[in-house]
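First comes the structure, then the notes that go with it.
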DNA sequence: AAAATACTTCGGTTTTTCCGAACCCATATT
DNA sequence: AATATGGGTTCGGAAAAACCGAAGTATTTT
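Residue numbers (this note's numbering), protein chains in the order written: chain L, 1 to 295; chain F, 1 to 295.
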């Protein structure tokens, strides 16, 4: 990654804004030589002429205009940063940033998070979704307080991350009424060649599913493959195929989507983890999440 | 205007990204003390703690997370600026940045601009709209090549701007068929109390109009007041009121909108100007615009 | 309790920033 | 044509920062 020298960029920007070195030097209390030299250095580092001389004056070149547009944005952001920092938000609440692996069922995730909101102090919740590895990166850099995932963090991550099991559950297969009726008949053989909506390749649930099917010699046909569990359910609603969900969330999913149970696979175990950046938990809201292992 | 020290911000950003001074110092080839000190200075200048110590490590505070979001954007822009500057050439055309006063009729403006596109070399046209004063500022700082306006630039502007008259024209009043039929009957007395769609206060056309009405003791009722001439016409289409347009554009407006003429006021003169930053015109496309005065 | 990890402080070197003075060039004025 | 005037540039040096290595301190993990 390569950046412009922001001091030089500032000189360029104020000069372009003011229309001349002279005007800029007066308005911003820099000397002409300073501006002139810094602009020259910026031009060198960008390897482009930003100004051209047109009759004793400086005029922006094509590249100069483009650079100016960037500079406008950059300095607007910079000045906003300063302002927003001064005005400390009066909301003196605890804030909790949770990363939720996008493969995780949202309803289940929410049940994990809920205890964090029942604290004496008010908690401002920030939820971010993403794939596990990017969430872990944000976690270890303290941009997230805790990550919910269906897999434990790699053992010797550096900086380290600590996983705690929140729940373990078997698996159940659900589908909309019509499809469920058909598939229930001779479960589990009926799943062979049946349309399934898979979670994304490489996720813990997908691995477990593949193994389970393989062990039984079943080969469902992949009707769809969705990262997001809500998306899977939307597809299932439409009868695209059946889905696998953790048994502990079957009830709430049935209620919400009107699915019916095709069958269950309790020997296919899934676990859910809360991952933190330190073993000792200081954040009270995170502690609340960890103190209530559901299973 | 007040900015953060971008070097300090960089230190903060890389550290937040890396999760620790140590990691950041390795990845970005700075020493820990450098990062540590610069971050401290940033915190002082922003008057906020960006990091807090939570067990021997640094964790972002609330303000730190916000600042980090700004920093992400700022450095993304910075790096983009560098990249886009390197990849310069490709479009080897002349580029022409025209500022068009938003009160100006678009069709007429276009007729002024068109000659610029009939040059031997290809021209890449950039049109910006705005109020005259902001356009003039952009012009004198060479972010625009020429400004089209219905008023000449103030005489002793610094830096100077030079106006050249492109066209002069009387005024005509137009309205949709129904309203025009009614107003045509006893023009111009019929305009008294009639609903008019005014251009914005303070524009040259508005001033001329006001004077013309005042001289004749007419008081149309302002049904609307629009900055943008296209907006006026849209309103007029709807029968909200009648509009005043330059006589030279009557034909094209009638054709386009199906308006009918209520009457004309040839003694109410309007002029249109091209304003440049320098008397001597070097830009061939601008020269083309100036060489074809329509009236 | 020891070991490991991670942040700070300190003193000094190297770079960068920044300025005043002098110089140059185009345009506008006389 | 000669001369202001309004810019821009070059030069040398002073002041301020950026930056580092070494040593010091604190906390967590084992």
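Cβ atoms here follow ideal geometry from the backbone N, Cα and C, with glycine treated the same way.
With 16 other CB atoms within 10 Å as the buried threshold, where does residue i fall?
i	result
residue 90/F	Residue placement at residue 90/F is poorly supported in this model, since its pLDDT is 49, which falls under 50; the coordinates are not used for a value here.
residue 102/L	buried
residue 211/L	exposed
residue 117/L	exposed
residue 283/L	buried
residue 39/L	buried
residue 43/L	buried
residue 178/F	exposed
residue 8/L	buried
residue 232/F	buried
residue 1/F	exposed
residue 220/F	buried
residue 176/F	buried
residue 31/L	exposed
residue 207/F	exposed
residue 285/F	buried
residue 24/F	buried
residue 167/L	buried
residue 155/L	exposed
residue 249/F	buried
Taking the beta strand (DSSP E) that residue i belongs to, which residues open and close that run?
i	result
residue 195/L	195–199
residue 31/L	From DSSP, residue 31/L is part of no beta strand (DSSP E); its letter is neither H nor E.
residue 140/F	Unbroken run through residue 140/F is the alpha helix (DSSP H), 132–140; no beta strand (DSSP E).
residue 143/F	It is not in any beta strand (DSSP E) - residue 143/F carries neither H nor E in the DSSP assignment.
residue 59/L	57–60
residue 52/L	51–54
Is it the case that the Cβ atoms of residue i and residue j are separated by a distance below 9 Å?
i	j	result
residue 171/F	residue 244/F	yes
residue 261/F	residue 180/F	yes
residue 188/L	residue 218/L	yes
residue 296/L	residue 21/L	Residue 296/L falls outside the range modelled here, since chain L spans only 1 to 295, and no answer is possible.
residue 169/F	residue 269/F	yes
residue 140/L	residue 16/F	no
residue 238/L	residue 131/L	no
residue 95/F	residue 126/F	yes
residue 35/L	residue 50/L	no
residue 119/F	residue 288/F	yes
Using CA atoms only, rank isn't needed, just tell me which of the options is closest to residue i.
i	options	result
residue 12/F	194/F, 69/F and 56/F	69/F
residue 191/F	232/F, 173/F, 114/F and 18/F	173/F
residue 256/F	74/F, 53/F, 79/F and 106/F	106/F
residue 146/F	42/F, 14/F and 109/F	109/F
residue 162/F	175/F, 290/F and 224/F	290/F
residue 137/L	112/L, 160/L, 202/L and 274/L	160/L
residue 186/L	263/L, 113/L, 269/L and 227/L	263/L
residue 29/F	129/F, 10/F and 46/F	10/F
residue 230/F	198/F, 73/F, 86/F and 142/F	198/F
residue 317/F	276/F, 184/F, 216/F and 223/F	Only positions 1 to 295 of chain F appear in the structure, and residue 317/F is not among them; the question remains open.
residue 79/L	111/F, 5/F and 275/F	5/F
residue 97/F	247/F, 8/F and 123/F	123/F
residue 276/F	50/F, 249/F, 149/F and 73/F	149/F
residue 104/F	248/F, 286/F and 272/F	272/F
residue 19/F	2/F, 65/F and 167/F	65/F
residue 99/L	251/L, 111/L, 279/L and 129/L	129/L
residue 63/F	52/F, 167/F and 241/F	52/F
residue 265/F	251/F, 213/F, 182/F and 167/F	213/F
residue 83/F	236/L, 249/L, 203/L and 3/L	3/L
residue 86/F	165/L, 234/L and 67/L	67/L
residue 240/F	247/F, 54/F and 259/F	259/F
residue 225/L	76/L, 242/L and 280/L	242/L
residue 279/L	54/F, 14/F and 33/F	54/F
residue 81/L	48/F, 250/F, 183/F and 113/F	48/F
What are the start and end residues of the alpha helix (DSSP H) that includes residue i?
i	result
residue 113/F	106–113
residue 10/L	6–18
residue 183/L	177–184
residue 287/F	284–290
Review point. At what residue ranges does the region 191–263 of chain L contain a whole run of the alpha helix (DSSP H), taking only runs of 4 or more?
Key: 204–216, 229–237 and 250–257
Review point. Along the chain, which unbroken stretches of the alpha helix (DSSP H) at least 4 residues long are found entirely within the region 62–96 of chain L?
Key: 62–86
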